[in-house]
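For the protein sequence lines, the chains are W and H, in the order given. Residue numbering for the first sequence follows the numbering used here, beginning at 269 and increasing consecutively. Residue numbering for the second sequence follows the numbering used here, beginning at 222 and increasing consecutively. For glycine and all other residues, C-beta sits at the position ideal for the given N, C-alpha and C. Notes to accompany the following structure.
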Amino acid sequence: MQITVYRYHPEQDNKPRMQTYEVEEQPGMMLREALLAIKAQDETFAFRHSCGEGVCGSDAINVNGGNKLACITPVSELKRPIQVRPLPGRPVIRDLVVDMTQFYEQYRNVQPYLIRKEPLPEQEIRQSPEDRDKLDGLYECIMCGACSTACPSFWWNPEKFHGPQALLASWRFLADSRDQATEERLDALEGPYKLFRCHTIMNCVEVCPKGLNPTRAIGKIKDLMLEKSI
Amino acid sequence: MPIPHRKFDALIIGAGGAGLNAALRLASADLRVAVVSKVFPTRSHTVAAQGGVNAALANVLPDDWHWHMFDTVKGSDYLGDQDAIEYMCREAIPTVYELEHAGVPFSRIDDGRIYQRAFGGQSQNFGGDQAARTCAAADRTGHAILHTLYQQNVRARTHFFDEYFAIDLIRDEEGAILGALVLEIETGETLIIEAKATLLATGGHGQVFRTTTNAFINTGDGMAMALRAGVPLMDMEFYQFHPTGVAGKGMLITEGARGEGGYLINGDGERFMERYAPRALDLASRDVVARSMVTEIREGRGAGPDKDHVMLRLDHLGADVVHRRLPGITDICRVFLGIDPAEQPIPVFPTAHYAMGGIPTDRYARVVAPARHGPEEIVPGLYAAGECACVSVHGANRLGGNSLLDILVFGRAAGTDILDYVAENPNHRPMREADIEPALTRLGRWDRTGEGESVAAVKADLRKLMEDHCGVFRDDATMAEGVEKLKALRERVEHVRLKDQSRTFNTARIEALELDNLVDVGMATLMSAYHRQESRGAHSRVDYPERDDEQWMKHSLYARDGDSMDYKPVRTKPLTVESFPPKARVY
């Protein structure tokens, strides 16, 4: 099978190019294994990866125009020719490796941690199974960046719009019955950009390799804001 | 051009659960703490831990930390140090509450307390009925904990050096650790981080085996750094093969799957654990279950066309339990096997999973090594915690749910002790050019150009070699041959050359530096195994099938210098309770 990958090395290349490799397809082969086969032929080819089972979030890339996690994408399901590029909209460091600084910065901007104001109990803070269920579909995010880098609003305003990943994280804490900072969290999201640049294009939902729904989370934040403002 | 220096109170190498819990402790106390990680912190392998963390909360069934301690000592096949085990089992309870307060989204029982599931080797009342001690966030507990710890470190403004690779520790003439030489992966630039205290929290080395549940990054970096700094590695022969890796592929299927009621069958459809562990069945200790599986396959009762694996059944539990309690496992089965585990059994085989051994420490996470005044002298300024360390709380076999516990308890213990150490040692010790030389030599070696073998080729041979010569069942002849082959392979590494000599995000250079580490920890593992002439816990010798407490109830210490072996006694005296004397281990 042939795979064409994006190559760019800032020490050698003036501009990026596409390079095609021949890789022997194995039954059940995931795209990460195919990229590793390329790496075995050509050690200058660079990409991030680690766990190989879709939990560490290292190997989000763009395949045939869509953002995917390489380690859980079977090559057999990909249309030929297979074209692999770095995540869109981010500065390329080398080959498939992009600079995710701004993405992480936006995550840190939403106070992504539980805030508790009352004194802590000696044992656990109680939470009913129903309240805990509200975190399902939120806490599983692996921060791979597939969603935010598929979002046109994030492409245009990465320094001002938090992007779907950070907003999903924001809702994860707003939705947690243990968190006691709802007001501050909502206040911090005011203004035309941080939250409201989401135009429900829903690319994020389409690409999330964990099947999460940032658009719905953003909608819930907007609902809660409306509710609080009345 | 001179290498830039930066100074911190504490340097933490590794951003998994141990490193981040230590960092949180230190940053919250306003120390200047640097966390160096070769991957963005939430990509550390703690993220892949599934089943949960043990603590005797007694939320679901009666429990007591003392029972937890008994199970851990027994599970360790009496090689664990009982002072450290008592400390860990007591500390487990406040540690889990602290995590919950920090935001970990634990699953819940009806009254709102943390959900706990049954895991292997757990009992009530010192060997009685099955206990339910493992606190779980579905089957994504490691992910939930790692993300929460990272989040709290964001709050505490910990200073992260993301995607920096640690080359080596820097040590002065007196043997004190002064910090480390690190490489910024993006730019290829080196940096010296000076610290009053340095914590190694780099995790395991599963990549030394061909089939492993471990991630690509688990290359034993901290263990190898310790070896090169003259610290021996302890109990490295005790490497855990997890009973339920996906056959031929290696992805982990949590022990929680059996905790929720799943069981193993052989090719004849027989529930074979009834013959090996009549009481505990599929929830016997991992070493027992792994050996039973391999025995079934060796005796011709394996499943599949090649009879080379067994099956894990969950289909009798119902889709609701499987999909709700084990959503991550459901995903893995769907993606990698194309099956729904609520309908079809999962093909499984014992898979390289966890190092019980590592860098020797005391229960304050201080690294200890043999020196003039005995086998446990403190190495000034050096700490280790988590899988790379050996306290020893796991002895010869770790219980499921005790690894997340280990990283959290001893990560925190390291943080606490570093606070005291830094208070008593307020100044950085002077660093001379000569102290940096060995680390620069190690890095510079990979600048050599010319014809030579590739890193990938040697690494593949190493992993095959370890699998063939240091697997679930071992014997003298196989391991002796393995040692010779590994020595030859170590020579080959000298002739490996990097074709890619560029600086920017050069993953080939990182993999070369990792290969050095894998070879060192591989040798530690194989040499320690070759010399231990008994069967204990995960170390099963066909030629020495019995445990030999008379001669071998002692910890192994492998030193890189001359590949030499040394030994030190097990600490059998707990802190406050009676010692558990060695007994035959029956499940």
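Exposed or buried, what is residue i when buried is set at 16 or more other beta-carbons lying within 10 Å of its beta-carbon?
i: Asp303(H); result: Sequence check: residue 303(H) is Gln here, not Asp. It counts as buried.
i: Gln430(W); result: Checking the sequence shown, residue 430(W) turns out to be His, not Gln. His430(W) comes out buried.
i: Asn618(H); result: buried
i: Lys708(H); result: exposed
i: Trp439(W); result: buried
i: Val452(H); result: buried
i: Leu796(H); result: exposed
i: Pro326(H); result: buried
i: Leu436(W); result: buried
i: Met446(H); result: buried
i: Ser785(H); result: exposed
i: Leu364(W); result: buried
i: Ser756(H); result: buried
i: Met687(H); result: buried
i: Gln271(H); result: buried
i: Asn439(H); result: buried
i: Val515(H); result: buried
i: Val612(H); result: buried
Tell me, which residues are paired with residue i by DSSP?
i: Glu405(H); result: Tyr385(H)
i: Tyr788(H); result: Ser777(H)
i: Phe694(H); result: Ser761(H)
i: Gly400(H); result: Ile391(H), Glu415(H)
i: Tyr289(W); result: Ile271(W)
i: Leu732(H); result: Checking the displayed sequence, the identity of residue 732(H) turns out to be Glu instead of Leu. The partner list for Glu732(H) (beta bridge, DSSP) is empty, contrary to what the question assumes.
i: Val531(H); result: Val569(H)
i: Ala328(W); result: Leu337(W)
i: Met455(H); result: Gly579(H), Leu778(H)
i: Phe319(W); result: Note on residue identity: the sequence assigns Cys, not Phe, to residue 319(W). Looking at the DSSP assignment, Cys319(W) forms no beta bridge with any residue, so it has no partner.
i: Leu473(H); result: Gly466(H)
i: Ile234(H); result: Val257(H), Leu421(H)
Rounded C-beta distance between residue i and residue j? I'm assuming under 8 angstroms.
i: Ser328(H); j: Tyr336(H); result: 4 angstroms
i: Tyr484(H); j: Asp503(H); result: 5 angstroms
i: Glu889(H); j: Thr725(H); result: What is shown of chain H runs 222 to 808, which leaves residue 889(H) out entirely.
i: Ile599(H); j: Arg584(H); result: With a Cβ gap of about 13 angstroms, Ile599(H) and Arg584(H) do not count as contacting.
i: Tyr276(W); j: Val352(W); result: At roughly 13 angstroms, the Cβ-Cβ gap does not stay under 8 angstroms, so Tyr276(W) and Val352(W) are not in contact.
i: Gly273(H); j: Arg338(H); result: 6 angstroms
i: Cys415(W); j: Cys472(W); result: 4 angstroms
i: His463(H); j: Arg512(H); result: About 13 angstroms separates the two Cβ atoms, so there is no contact after all.
i: Arg730(H); j: Leu739(H); result: 15 angstroms between Cβ atoms; not a contact.
i: His226(H); j: Ile518(H); result: Actually they do not touch by this definition, with Cβ atoms about 55 angstroms apart.
Helix, strand or coil for residue i per DSSP?
i: Leu300(H); result: coil
i: Ala416(H); result: strand
i: Leu719(H); result: coil
i: Ile393(W); result: coil
i: Phe229(H); result: strand
i: Thr272(W); result: strand
i: Gln280(W); result: coil
i: His463(H); result: strand
i: Ile657(H); result: helix
i: Glu674(H); result: strand
i: Val610(H); result: Going by the sequence as given, residue 610(H) is Ala instead of Val. Three-state DSSP puts Ala610(H) in a strand.
i: Leu421(H); result: strand
i: Met298(W); result: strand
i: Arg329(H); result: strand
i: Cys415(W); result: coil
i: Ser438(W); result: helix
i: Leu707(H); result: helix
i: Cys472(W); result: helix
i: Thr450(W); result: helix
i: Ile335(H); result: strand
i: Val807(H); result: coil
i: Val366(W); result: strand
Note down, in chain order, every chain C residue with its Cβ under 9 angstroms from the Cβ of residue i.
i: Glu735(H); result: The structure shown contains no chain C; its protein chains are W and H.
What I want to know is whether the C-beta of residue i ends up closer than 7 angstroms to one or more non-hydrogen atoms of the ligand ATP.
i: Lys804(H); result: Looking for the ligand ATP in the displayed structure turns up nothing, as the structure carries no ligands at all.
In chain order, which continuous runs of the alpha helix (DSSP H) of length 4 or greater are located wholly inside the stretch 481-528 of chain H? Listed in chain order, they are 494-497, 507-519.
Taking only runs that begin and end inside the stretch 547-606 of chain H, name each unbroken beta strand (DSSP E) of 3 or more residues, in chain order. Annotation: the stretch 547-606 of chain H contains the following complete segments of the beta strand (DSSP E) (minimum length 3 residues), in chain order: 567-576, 587-592, 595-605.
Counting only runs of 4+ residues fully inside the stretch 330-364 of chain W, write out the alpha helix (DSSP H) ranges in chain order. Runs of the alpha helix (DSSP H) lying entirely within the stretch 330-364 of chain W and spanning at least 4 residues: none are present.
Segments of 4+ residues assigned as alpha helix (DSSP H) that fall wholly inside the stretch 238-313 of chain H: Within the stretch 238-313 of chain H, the complete alpha helix (DSSP H) runs of at least 4 residues are 238-249, 286-296.
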